[in-house]
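The opening position of the sequence shown corresponds to residue 1 in full-length UniProt numbering, with each subsequent residue numbered one higher.
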Amino acid sequence: MWSFNWFSNGWHEDKVFNDAIEALRISYKKMNPFCVPFATTNMGSAMLAMDLGWMGPNYSISTACATSNFCILNAANHIISGEADMMLCGGSDAAIIPIGLGGFVACRALSQRNNDPTKASRPWDINRDGFVMGEGAGVLLLEELEHAKRRGATIYAEFLGGSFNSDAYHLTEPHPDGVGAIHCIEKALAQSGVAREDVNYINAHASSTAVGDIKEFQALLHCFGKNPELRVNSTKSMIGHLLGAAGAVEAVAAIQAIRTGWVHPNINLENPDEGVDANVLVGPKKERLNVKAALSNSFGFGGHNSSIIFVPYK
Numbered sequence: 001m002w003s004f005n006w007f008s009n010g011w012h013e014d015k016v017f018n019d020a021i022e023a024l025r026i027s028y029k030k031m032n033p034f035c036v037p038f039a040t041t042n043m044g045s046a047m048l049a050m051d052l053g054w055m056g057p058n059y060s061i062s063t064a065c066a067t068s069n070f071c072i073l074n075a076a077n078h079i080i081s082g083e084a085d086m087m088l089c090g091g092s093d094a095a096i097i098p099i100g101l102g103g104f105v106a107c108r109a110l111s112q113r114n115n116d117p118t119k120a121s122r123p124w125d126i127n128r129d130g131f132v133m134g135e136g137a138g139v140l141l142l143e144e145l146e147h148a149k150r151r152g153a154t155i156y157a158e159f160l161g162g163s164f165n166s167d168a169y170h171l172t173e174p175h176p177d178g179v180g181a182i183h184c185i186e187k188a189l190a191q192s193g194v195a196r197e198d199v200n201y202i203n204a205h206a207s208s209t210a211v212g213d214i215k216e217f218q219a220l221l222h223c224f225g226k227n228p229e230l231r232v233n234s235t236k237s238m239i240g241h242l243l244g245a246a247g248a249v250e251a252v253a254a255i256q257a258i259r260t261g262w263v264h265p266n267i268n269l270e271n272p273d274e275g276v277d278a279n280v281l282v283g284p285k286k287e288r289l290n291v292k293a294a295l296s297n298s299f300g301f302g303g304h305n306s307s308i309i310f311v312p313y314k
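This is how it looks when you write it as structure tokens:
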């Protein structure tokens, strides 16, 4: 059984609502008759299933910027339960339009470094002042191992598991003690069977916000201590924050690190915040690393936390 579990609504939903608002200014008769179907979050995966004829589990998830990781974990669970042999999972988002941009401006989440945009996204740097919106998509094909072997599939990495939970604290702020993130990471380690000392690469959520970057790093220190072999980076330093698609794209970055033996740089990290251990942060250039186990974090508004773990396939 081939199935979908794919969040893919960012562009559809925002554009449709913008178009609908403009149409209403003229007349309701000018509204697109597909306004409502295109605005529902399930339509991306539904349209793909119709195109490919895949009839298994098919739905979308919306947990803000943690969405893609939630999709990956749920897709894996469908395979583990025997409901599917293969699952497409991931996310896409394209929210740089007036309603999306305006909302983040209003809540003061974005960097104001407009005069030097290439330097604006700077996770863990003392001069960070908010995130930079990005757009894009990432999709993974998860497959039951024996099924993949039988069809001669190229296996890029092995997904061992992960975890998701809730802070139950605030709409936009992380828990001040980081307990949600800590419990999520520890549960991911337990569920995957990976020893914490074997994790030597972390693709962090770090989005370049004053509070979020530090709270996540404190959670990492709590879970992994000061491991001299650990390397930590943030894909968002180079491509900005892809919101609902961030987790999937960063999962791809983690898998590529496993495949190639290279971890990408943290650009714009010129003066590390005193709240982080600069020794474990990847520098301004890519680094060689034999990845034993890779952890990727994604956290979202509403207190949604997620951590997933990949290892080399042997």
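Glycine is no exception: its CB is placed at the ideal position from the N, C-alpha and C atoms.
All values derive from a computational prediction rather than experimental measurement.
Might you give, ordered along the chain, the residues of its own chain that have their beta carbon closer than 7 Å to the beta carbon of residue i, omitting 5 neighbours on each side?
{"i": "residue 321", "result": "Because the chain here runs from 1 to 314, residue 321 falls outside it and cannot be looked at."}
{"i": "aspartate 129", "result": "Ser111, Gln112, Arg113"}
{"i": "alanine 168", "result": "Gly303"}
{"i": "isoleucine 267", "result": "Ser237, Met238, Pro284"}
{"i": "glutamate 270", "result": "Asp125"}
{"i": "leucine 243", "result": "Gly10, Cys65, Asp93, Ala95"}
{"i": "alanine 46", "result": "Asn58"}
If you measure from the beta carbon of residue i to each beta carbon in chain B, is any gap under 8 Å?
{"i": "alanine 254", "result": "As a matter of chain content, chain B is missing from the structure shown, which is built from one protein chain."}
Where does residue i sit, in a helix, a strand or coil, going by DSSP?
{"i": "histidine 264", "result": "coil"}
{"i": "alanine 257", "result": "helix"}
{"i": "glycine 90", "result": "strand"}
{"i": "valine 132", "result": "coil"}
{"i": "residue 315", "result": "A question about residue 315 goes unanswered here, because the residues of the chain that appear run from 1 up to 314."}
{"i": "arginine 288", "result": "strand"}
{"i": "histidine 170", "result": "coil"}
{"i": "leucine 269", "result": "coil"}
{"i": "serine 306", "result": "strand"}
{"i": "serine 163", "result": "strand"}
{"i": "serine 296", "result": "strand"}
{"i": "valine 232", "result": "strand"}
{"i": "leucine 110", "result": "strand"}
{"i": "valine 194", "result": "coil"}
{"i": "leucine 242", "result": "coil"}
{"i": "asparagine 203", "result": "strand"}
{"i": "alanine 95", "result": "coil"}
{"i": "aspartate 177", "result": "coil"}
{"i": "glutamate 83", "result": "coil"}
{"i": "glutamate 274", "result": "coil"}
{"i": "aspartate 116", "result": "coil"}
Return the residue from the list the options that minimises the CA-CA distance to residue i.
{"i": "lysine 314", "options": "Glu158, Gly91, Tyr201", "result": "Glu158"}
{"i": "alanine 84", "options": "Ala76, Gly103, Gly91", "result": "Ala76"}
{"i": "glutamate 135", "options": "Glu216, Gly91, Asn74", "result": "Gly91"}
{"i": "serine 121", "options": "Leu281, Gly300, Ser234", "result": "Ser234"}
{"i": "proline 284", "options": "Trp124, Glu250, Ser192, Ala188", "result": "Trp124"}
{"i": "tyrosine 156", "options": "Ile239, Val132, Leu140", "result": "Leu140"}
{"i": "alanine 251", "options": "Ile267, Pro228, Ala95, Phe310", "result": "Phe310"}
{"i": "glycine 275", "options": "Ala39, Phe217, Thr154", "result": "Phe217"}
{"i": "isoleucine 79", "options": "Ala148, Val211, Val105", "result": "Ala148"}
{"i": "proline 312", "options": "Gly162, Pro37, Lys215, Ala254", "result": "Ala254"}
{"i": "glycine 193", "options": "Leu101, Gly161, Cys107", "result": "Gly161"}
{"i": "aspartate 116", "options": "Asn127, Ala106, Lys187", "result": "Asn127"}
{"i": "phenylalanine 224", "options": "Lys215, Asp198, Ile214, Gly212", "result": "Asp198"}
{"i": "leucine 166", "options": "Gly152, Pro33, Arg150, Lys187", "result": "Looking at the sequence itself, residue 166 is serine, so the reference to leucine does not match. If we check each option's Cα against that of serine 166, Lys187 comes out closest."}
{"i": "proline 176", "options": "Ala210, Gly152, Pro272", "result": "Ala210"}
{"i": "lysine 215", "options": "Ala257, Asn227, Gly180", "result": "Gly180"}
{"i": "serine 60", "options": "Cys89, Asn32, Ala106", "result": "Cys89"}
{"i": "phenylalanine 104", "options": "Gly82, Met133, Leu220", "result": "Met133"}
Applying the 10 Å Cβ sphere with the 16-neighbour rule, what's the burial state of residue i?
{"i": "alanine 190", "result": "exposed"}
{"i": "leucine 295", "result": "buried"}
{"i": "leucine 171", "result": "exposed"}
{"i": "methionine 55", "result": "exposed"}
{"i": "threonine 154", "result": "exposed"}
{"i": "isoleucine 99", "result": "exposed"}
{"i": "alanine 195", "result": "exposed"}
{"i": "serine 8", "result": "With a pLDDT of 44 at serine 8, under the threshold of 50, the modelled position of that residue is not reliable, and the figure given next carries that caveat. Result: buried."}
{"i": "aspartate 51", "result": "exposed"}
{"i": "cysteine 71", "result": "buried"}
{"i": "alanine 278", "result": "exposed"}
{"i": "cysteine 184", "result": "buried"}
{"i": "valine 36", "result": "exposed"}
{"i": "alanine 245", "result": "buried"}
{"i": "alanine 49", "result": "buried"}
{"i": "asparagine 293", "result": "As written in the sequence, residue 293 is alanine, which differs from the asparagine given in the question. That one is buried."}
Who are the Cβ neighbours of residue i in its own chain at under 6 Å, not counting the five residues just before and after it?
{"i": "asparagine 297", "result": "Ala204, His205, Ser307"}
{"i": "valine 232", "result": "Ile202, Ala204, Val280, Leu281"}
{"i": "serine 62", "result": "Thr41"}
{"i": "arginine 259", "result": "Tyr156"}
{"i": "proline 265", "result": "Val282, Pro284, Lys285, Lys286"}
Assuming residue i and residue j are in contact, meaning their beta carbons sit under 8 Å apart, how far apart are those beta carbons, in whole angstroms?
{"i": "serine 68", "j": "glycine 138", "result": "7 Å"}
{"i": "asparagine 200", "j": "glutamate 229", "result": "5 Å"}
{"i": "glutamate 146", "j": "methionine 86", "result": "At roughly 12 Å, the Cβ-Cβ gap does not stay under 8 Å, so glutamate 146 and methionine 86 are not in contact."}
{"i": "alanine 109", "j": "phenylalanine 131", "result": "6 Å"}
{"i": "alanine 257", "j": "valine 249", "result": "About 13 Å; that fails the 8 Å criterion."}
Leaving out five residues before and five after residue i in sequence, what residues of the same chain have Cβ atoms less than 8 Å from its Cβ?
{"i": "histidine 222", "result": "Gly178, Ile182"}
{"i": "alanine 66", "result": "Phe164, Gly247, Ser298, Phe299, Gly300, His304, Asn305, Ser306"}
{"i": "glycine 212", "result": "Pro174, His205, Ala206, Phe299"}
Cβ of residue i versus every heavy atom of the ligand PLP: is any distance shorter than 7 Å?
{"i": "asparagine 42", "result": "Ligands in the displayed structure: none, and consequently the ligand PLP is not present."}
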